[in-house]
Amino acid sequence: MRKKLDKDYLISLFTSIFLAFCVGALIMLLCGYNPIDCYTQMFKGALGKSYSIGNTLEKAMVLALCGLAMCVAAQAGIFNVGGEGQLYMGALSAAVVGAYVKNVPAWVVVVLALLAAIVAGGLFAWIPGAMKVYWKVDEVITTIMLNSAAIFFCSYMAKGPLKTTERGIASGTRSIMKDALFSKLIPMSNLTTAIIYSAVVAFFIWYLMTRSSTGYEMKLTGNNERFAKYGGISSKKLMILGMVLSGAICGLCGMLEVFGLHKRFVTTISNEFYFDGMLVAMIMRYSPFGTILMSLFFAILNIGGQAMQLSAGISSEVIQIVQSIIIFFMAAEGGIRHALKEKAALRKARNEATRKEALQ
């Protein structure tokens, strides 16, 4: 059963983040770095200039889409671990459309690429979803296996049948139509008009999950499938719908990366983006709005960490240790909250005992 994103949880989560930054500062001190300078450079590197803000927003966009894909599947009671493969399939499908569809207006290419990416990602997610619903096959296992199948298939196509003849491109497809590329929003940054598409998707998923009857039925299915069946809800269809929507979002994310950043499909289209998005969604208990906010925080850590390495001279290994500790503390929120509750209860009991002794 999914837990709510309540006030107590948020307090313990922010406490975990604060403790993580403290531990990270201690590690920096032990390694001979000034933590104040390092953290200052991290936030300046992520938010200090317009192009760095653009890079942070682009990273947050990708994480948010991947996180929302996880959220919508979890809402329906199904666990999609195959988003990375679905992203690859969507990216390759969009790249093929962008490279080979000719003699049509650019907007037609964009629309066709969007549809191709959504269909490719959705269909690739439908397979494990149907196996889960109709044959009770564990979707975690099937999606993990299909991840490898999709990544290897797309890599083979990019290095083989669809490989570009352009010089300097070792493993990638032909470049897509130039007029169909998403335009830059902030010069010298990775942020493009792709963020507009992602904002529309984010609003749709938020509305679906929190304001629609379908979202409510998906929530009932996710919390208690048997109860949903007795209530006349077609839980099987909703679970498949959640899985297909999740895959479609991942496919769309791949398309946005191709048309916005890489201008073609490359085998390094994703650096395990979906697994980072999964972590964000799980930390925020599959809340769509919370997932978007936490994606921004993760993006600051990622982009700011790269800048911190260049500006403060701190080694990448120390940065990774600090980032891992921050993520660990956030994931360990439950234990921290339990410890804080026990401490508060003990303090209350001592105060009560002291008060009774004073009255006697």
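As numbered in my numbering, residues 16 to 375 make up the sequence shown, in order. The C-beta atom is built at its ideal place from N, Cα and C for all residues, glycine as well.
Please report the distance separating the alpha-carbon of residue i from that of residue j.
i	j	result
R362	G237	38 Å
A91	S249	11 Å
M16	A296	The predicted model places M16 with a pLDDT of 47, which falls under 50 and marks its position as unreliable, so this point remains unresolved.
K234	V215	22 Å
C265	I341	26 Å
L206	E73	5 Å
S331	T229	45 Å
E357	G60	39 Å
L28	F288	22 Å
L308	I298	11 Å
A35	E272	31 Å
M270	Q101	11 Å
A373	N366	11 Å
Q324	I334	7 Å
L161	V111	21 Å
M76	V96	19 Å
T157	E232	25 Å
V337	G247	49 Å
F312	F58	10 Å
Y222	I184	41 Å
E154	S108	24 Å
A359	A243	38 Å
V126	C53	44 Å
N286	R182	24 Å
T179	G39	44 Å
K193	W122	11 Å
D21	C46	38 Å
A314	A368	48 Å
S227	L138	24 Å
S170	A354	47 Å
S339	R241	39 Å
What residue range does the alpha helix (DSSP H) around residue i cover?
i	result
M233	228–238
K193	That residue, K193, is in no alpha helix (DSSP H); it is neither H nor E in DSSP.
G257	250–272
M85	65–90
A347	Element bounds for A347: n/a, residue is neither H nor E.
D21	It is not in any alpha helix (DSSP H) - D21 carries neither H nor E in the DSSP assignment.
K158	It should be pointed out that residue 158 corresponds to Thr in this sequence rather than to Lys. That run of the alpha helix (DSSP H) goes 154–174.
M323	303–326
E181	Unbroken run through E181: none, as it is neither H nor E.
F288	288–298
V124	121–150
K59	50–62
S108	98–115
How should residue i be labelled, buried or exposed, when 16 other C-beta atoms within 10 angstroms of its C-beta is the threshold for buried?
i	result
L41	exposed
M203	exposed
P120	exposed
V152	exposed
L253	buried
I93	buried
Y212	buried
K147	buried
K278	buried
S163	exposed
G175	exposed
A131	buried
A364	exposed
S198	exposed
Thinking residue i and residue j are a contact (beta carbons under 8 Å), I'd like their distance in whole angstroms, please.
i	j	result
L177	T188	5 Å
A173	V281	7 Å
C81	M224	Actually they do not touch by this definition, with Cβ atoms about 16 Å apart.
S261	A79	Rounded, the Cβ-Cβ distance is 14 Å, inconsistent with contact.
L44	T306	Not quite, the Cβ-Cβ distance comes to about 33 Å (not below 8 Å), so this is no contact.
I318	N70	5 Å
A88	G257	5 Å
E99	I191	The pair is not a contact, with the Cβ atoms about 22 Å apart (cut-off 8 Å).
A322	Y48	That pair is no contact at about 15 Å.
M345	I32	6 Å
A209	G113	About 13 Å separates the two Cβ atoms, so there is no contact after all.
G144	I255	5 Å
L267	G105	6 Å
V134	V124	Rounded, the Cβ-Cβ distance is 16 Å, inconsistent with contact.
Quick one: does residue i have its CB under 8 Å from some CB of chain D?
i	result
V281	In the structure shown, chain D cannot be found, because there is only a single protein chain.
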